[in-house]
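Trainee:
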Amino acid sequence: MTLIQAVFILFAALTLGAGLMTVLSRHLFHAVLYLILSLVGVAGLFILLEAEFLAGVQVLIYIGAISILIIFAVMLTRGMARNPGPPLNNQSLAAAVIAGLFFILLAPVLAGFPWPTAASGVPADAIEALGRSLVDPNQFALPFELASVMILAALIGAIFIAREKR
Amino acid sequence: MIPLTWYLLVAAALFCIGVYGVLARRNAIAILMAIELMLNAVNLSLVAFWRYLHPERTVGQAFALFVLVVAAAEAAAGLALIISIYRNRETVDVENIDLLRG
Amino acid sequence: MGQIYDFIYNLLPYLGMWLHGFLRSLGLSEEAVFLVVGLIKAFLLANFGLIGFAILTYVERKIVARFQDRLGPNVAGPYGILQPVADGIKLLTKEDTMPAGADRWVYNLAPLIIATCALAPLVVIPFGPGAIGADLHIGVLYALAVGAGALVGVLMAGWGSNNKYALLGAFRAVAQLISYEIPSVLSVVIVVMIAGTMSTVGIVQAQDVPYLFVLPVAALVFLLSGVAEVGRTPFDLLEAESEIVAGFHIEYSGMKFALVFLGEFVHALVVSALFAVLFLGGWRGPWLPPYLWMLIKMSVGIFLFFWLRATLPRIRIDQMLNLNWKFLTPLMILNLIGVALVDKGLRAAGVSGGMWAAGLFLFNMAMLIGALALPGYLGRRARMAALAGEAEAEAVEAPVAAH
Amino acid sequence: MLSAYAVVALYLLLSLALLGATLLLWWALRPKKPNPLKLEAYECGVQTVGDTWVQFRAQYYIFALIFVLFDVEAVFLFPWAVAYNQLGLYAVIEMALFLLLLLSGLLYAWRKGALEWV
Chain X
6 MTLIQAVFIL FAALTLGAGL MTVLSRHLFH AVLYLILSLV GVAGLFILLE
56 AEFLAGVQVL IYIGAISILI IFAVMLTRGM ARNPGPPLNN QSLAAAVIAG
106 LFFILLAPVL AGFPWPTAAS GVPADAIEAL GRSLVDPNQF ALPFELASVM
156 ILAALIGAIF IAREKR
Chain Y
320 MIPLTWYLLV AAALFCIGVY GVLARRNAIA ILMAIELMLN AVNLSLVAFW
370 RYLHPERTVG QAFALFVLVV AAAEAAAGLA LIISIYRNRE TVDVENIDLL
420 RG
Chain F
91 MGQIYDFIYN LLPYLGMWLH GFLRSLGLSE EAVFLVVGLI KAFLLANFGL
141 IGFAILTYVE RKIVARFQDR LGPNVAGPYG ILQPVADGIK LLTKEDTMPA
191 GADRWVYNLA PLIIATCALA PLVVIPFGPG AIGADLHIGV LYALAVGAGA
241 LVGVLMAGWG SNNKYALLGA FRAVAQLISY EIPSVLSVVI VVMIAGTMST
291 VGIVQAQDVP YLFVLPVAAL VFLLSGVAEV GRTPFDLLEA ESEIVAGFHI
341 EYSGMKFALV FLGEFVHALV VSALFAVLFL GGWRGPWLPP YLWMLIKMSV
391 GIFLFFWLRA TLPRIRIDQM LNLNWKFLTP LMILNLIGVA LVDKGLRAAG
441 VSGGMWAAGL FLFNMAMLIG ALALPGYLGR RARMAALAGE AEAEAVEAPV
491 AAH
Chain B
16 MLSAYAVVAL YLLLSLALLG ATLLLWWALR PKKPNPLKLE AYECGVQTVG
66 DTWVQFRAQY YIFALIFVLF DVEAVFLFPW AVAYNQLGLY AVIEMALFLL
116 LLLSGLLYAW RKGALEWV
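Protein chains in written order, with my numbering: chain X, 6 to 171; chain Y, 320 to 421; chain F, 91 to 493; chain B, 16 to 133.
1) Tell me whether A260(F) is buried or exposed, calling it buried when 16 or more other Cβ atoms sit within 10 Å of its Cβ.
2) With C-beta atoms as the reference, is G340(Y) less than 8 angstroms away from L358(Y)?
3) Per the DSSP calculation, L226(X) is bridged to which residue(s)?
4) So with CB distances below 8 angstroms, who are the chain F contacts of E57(X)?
5) With C-beta atoms as the reference, is F93(B) less than 8 angstroms away from V154(F)?
6) List the residues that DSSP assigns as beta-bridge partners of D412(Y).
7) Residues of the stretch 286-312 of chain F with a CB closer than 7 angstroms to any CB of chain B: list them in chain order, please.
8) For V338(Y), which of helix, strand or coil comes out of DSSP?
9) By the 10 Å Cβ neighbour count, where 16 or more other Cβ atoms means buried, how is Y467(F) classified, buried or exposed?
10) Can you grab the Cα-Cα spacing for the pair S30(B) / V23(B), in whole Å?
11) Which runs of the alpha helix (DSSP H) spanning at least 4 residues fall entirely within the stretch 26-83 of chain X, listed in chain order?
12) What do you reckon, are the CB atoms on S269(F) and L426(F) nearer than 8 angstroms?
13) Exposed or buried, W383(F), counting other C-beta atoms within 10 Å across all chains shown (16 or more means buried)?
14) The alpha helix (DSSP H) with K346(F) in it runs from where to where?
15) Under 8 angstroms between the Cβ atoms of V213(F) and G223(F)?
16) Quick one: list the residues of chain B neighbouring I427(F), beta-carbon separation under 8 angstroms, in chain order.
17) Would you grab the beta carbon distance between D433(F) and I284(F) for me? Rounded to a whole angstrom, and I think it's under 8 angstroms.
18) If I follow the unbroken alpha helix (DSSP H) through Y99(B), where does it start and stop?
19) Out of curiosity, what's the CA-to-CA distance linking P148(X) and F34(X)?
20) Under 6 angstroms Cβ to Cβ from L65(X), same chain only, skipping five residues before and after it: list those, please.
21) Could you have a look at L118(B) and say whether DSSP puts it in helix, strand or coil?
22) Using only the alpha-carbon positions, how far apart do M288(F) and A481(F) sit?
23) Indicate whether the contact test is met: 3 or more Cβ pairs, each with one atom in the stretch 149-163 of chain X and one in the stretch 324-343 of chain Y, closer than 8 angstroms.
24) In angstroms with no decimal places, state the Cα-to-Cα distance between R114(F) and L25(B).
25) From A144(F) to G379(Y), what distance separates their C-alpha atoms?
26) Should L109(F) and I141(F) be called a contact, given that it needs their Cβ atoms to be closer than 8 angstroms?
27) At a CB-CB cut-off below 8 angstroms, which residues of chain F make contact with Y123(B)?
28) If we cut at 8 angstroms on Cβ distances, does E131(B) have a partner in chain X?
29) Could you name the residues of chain X that Y76(B) contacts, counting a contact when the two beta carbons are closer than 8 angstroms?
30) How far does the alpha helix (DSSP H) with G292(F) in it reach, from first residue to last?
31) Comparing C-alpha positions only, which one of V97(B), S119(B), Y105(B) and L33(B) sits nearest to L31(F)?
32) Is it buried or exposed for G421(Y), if we count other Cβ within 10 angstroms and need 16 for buried?
33) Between Q158(F) and A400(F), which are expected to be in contact by the criterion C-beta below 8 angstroms, what is the C-beta distance as a whole number of angstroms?
34) Expressed to the nearest angstrom, what Euclidean distance is found between the alpha-carbon atoms of V140(X) and S125(X)?
35) Do the CB positions of I75(X) and V37(X) come within less than 8 angstroms of each other?
36) To the nearest angstrom, how far is the alpha carbon of A146(X) from that of N100(B)?
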């Protein structure tokens, strides 16, 4: 096993272990912290995949923003955080079976399929190319503007819902 | 070199963990977190395919970015809904939020 | 003479070359040499942060004391220069307290996370050509992203302490930090746009004219939001001693407190280093060696922080949020669009070099003056309207009173 | 590219280790005289009243929400900014449209009073 594979296994174990703790953790605040840890693992995997821009974005958005939002929500609904009942509902066993079966069905397909691999490496100007393609009318200009509309919709909707009515 | 299948297996496992969380947790915020895990699994497989199949094209990274926007919008609006429900019903347990009108 | 100057000027590259040759002569492979050099770099950088923290505590007390016509620390050693050592020994012999009901792991890990996240951006700060921990393609994005990790540490500290003030302080701190992240990210985007790269080295190399004189609005906003993110006066309401005692780190004692404190000071160091890299031209400058220029430019930002702290009172939380969301954020968005359009226009007209810089500078100054005049005008109009309304109300009431 | 991140990882681990070492040194040196009074929550010496879970304002959430959405927008700006020098006017206009849409969202929040603290 090479060093890089060892690093991969480390990050994969971090991602999966922390992810598992996220869904199992009794305490909601701890679940958020495990979620953050899991997202750090995913950022590490992104770096191994040489998608450094996405790794940075992952840390900036998921850890620096979305998880903060989740923690705020946890604190605002703290009545639940303080005396958590059983974290799982009565269909948890069935859920485990479904998720496990799903993985068991999926894994051989993924492992067995002969994926073609490109010989070329990541170009040095990958981020630049991404920027160009985002505003290129033949590529992602429309989704790009729609993303803005979507953010706007989420902003207006969420403010409308969460505002304290006076 | 790491085989592509390793990444796909990790992504699949993460996705299944998310599925379990969505199905089994009672707290609405916890369900939202499990959804974030699933979105991350999707992103991971998108980026892995990008790296191994078409690193010279930008489509993988661009899609991962759009997934990120969806995740952020979903978290913002979803949590706002949960807070609003908590304010009215004093609970965020999805077992108790089963009426279409409060 | 020339040789000595050359040696001092190129001290860091020479050291690097010597180290590389020395390690190779020991019979190490190229990878092993890379690893050892990386380790040495990492060690030096981490110690730069830690020693910088020790020096800054001393310098801050001295400077603030001078502003207030006091002497500052002057007992430990000549001019009190050993004060940081004394502080360190004191903190090392303090008892550890953990409040009852604290969340054990969360409470104890929070200071480590805060301090590490504050130290992390130092690795992309260039101290000269080639003298950088790691020249990442996403340099400034990395610095912004790992800085955001400290937010989680703050929330962990607030939650784990099981204390009202700590939790309130953490909420306030995070509300402030996240608000001011937007203008600072936008000003960084403007710099990235003009420089055409996110690498810190690339940004320094692109600055033939320091961006302070090309993008003054972005520079000012970056500095202002930097002050706010570090949480120093006038934006120190996240630890307002007189309101919520000390904020999120109220329950920490001894070395754990020192780590939180270290986070604050190193963050100040990092912000001023980033300011030097983004707007002051980094290591570039005449005569003096690059690393000295970098240190001088960093101390400009640091001195500004101390100056502000000694001069200004604390602002209220609503003022803090209004300044950010109703002024800085719209201003930066419009500035971004404006700079992009003016730059494209100037380039289309074939203007380059000094004239290009002057054009952007003039545009920025016009925008700044306009932006500063507008709230003043609106405020005056609102006040006049309110006064007129009062006068009218009196005029209506007066006959009733006479009656 | 990965080698640069190896240095970053080394640096992060090393600074964590150094900070951890100071904590260990402290652990070895510090006095240990436990006393239940010392473990009470510090509120300036006044006896703690009630719960730690004081009422929080939903306003905090609103600001966090606006922040998240603007942060996402900033993330789109970065690759665009890197490519900016090679792009024509149309790219600037597209980005201006993108930003002005968001600015209108901010104005909506302003008009609705969501940006007021009190």
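Cβ atoms here follow ideal geometry from the backbone N, Cα and C, with glycine treated the same way.
Mentor: Concretely, from the data shown:
1) buried
2) no
3) Past the edges of chain X, shown from 6 to 171, lies residue 226(X), and the structure says nothing about it.
4) L226, H227 and I228
5) no
6) N346(Y)
7) G286, T287 and M288
8) helix
9) exposed
10) 11 angstroms
11) 33-53, 57-62 and 72-81
12) no
13) buried
14) G344 to F369
15) yes
16) V107, M110, A111, L114 and L115
17) 7 angstroms
18) First-last for Y99(B): undefined, no H or E at that position.
19) 35 angstroms
20) none
21) helix
22) 57 angstroms
23) no
24) 21 angstroms
25) 46 angstroms
26) no
27) Simply none; closest approach about 12 angstroms.
28) no
29) L74, F77, A78, L81 and A167
30) T290 to A296
31) Any answer about residue 31(F) is impossible in this case: the structure gives chain F only from 91 up to 493.
32) In this predicted model, G421(Y) has a pLDDT of only 47, less than 50, meaning its place in the structure is not dependable enough to derive any value.
33) 7 angstroms
34) 25 angstroms
35) yes
36) 18 angstroms
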